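K.L.:
Before I ask anything, let me first share the structure, which is written out below as structure tokens.
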Amino acid sequence: MIAKVCAALQISPKALPLICLISAEFLSQLGNQIAAIAIPILVLQFTHSLIATGIAGAGSIIPIVLAAFIGGKAIDRSIWCMAGEHCS
Numbered sequence: 122m123i124a125k126v127c128a129a130l131q132i133s134p135k136a137l138p139l140i141c142l143i144s145a146e147f148l149s150q151l152g153n154q155i156a157a158i159a160i161p162i163l164v165l166q167f168t169h170s171l172i173a174t175g176i177a178g179a180g181s182i183i184p185i186v187l188a189a190f191i192g193g194k195a196i197d198r199s200i201w202c203m204a205g206e207h208c209s
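Take any residue in the sequence shown, count from 1 to its spot, add 121: that is its number in our numbering.
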């Protein structure tokens, strides 16, 4: 079945895992962005409070920003560790 789909789309079967990974990342980011917009709108509709809307918006964005900083530091450290292994 997968071979037929790859042949029909003229995709190398070796590239299929990468295509699946990129598609999954795209859908994940799309969901995150929709949630970042929808949550404050729903809070505003239900509470009619701008303060609650701002808190909800910040609460939905802050974890993503913090995870990016922590993940960035972890990736940088692993890159330096790998570079050190190759140099020794």
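Glycine included, every Cβ here is placed at the ideal spot set by N, Cα and C.
Note that the structure is a prediction, hence the values are computed from the model and not measured.
1. How is Gln131 classed by DSSP in three states: helix, strand or coil?
2. Is Thr174 buried or exposed, if buried means 16 or more other CB atoms sit within 10 Å of its CB?
3. Express the C-alpha separation of Ile182 and Ile162 in angstroms, rounding to a whole number.
4. With Val164 and Ala177 assumed to form a contact (beta carbons below 8 Å), what rounded beta-carbon distance in angstroms separates them?
P.N.:
So, from the listed chains and residues:
1. Your numbering for residue 131 matches position 10 in the sequence shown. Here Gln131 sits in coil by DSSP.
2. Against the sequence shown, residue 174 aligns to sequence position 53. When all chains shown are included, Thr174 counts as buried.
3. If you number the sequence shown from 1, residue 162 lands on position 41. If you number the sequence shown from 1, residue 182 lands on position 61. Answer to the nearest angstrom: the Cα atoms are 14 Å apart.
4. Here residue 164 is taken as the residue at index 43 of the sequence shown, counted from 1. Here residue 177 is taken as the residue at index 56 of the sequence shown, counted from 1. With a Cβ gap of about 4 Å, Val164 and Ala177 count as contacting.
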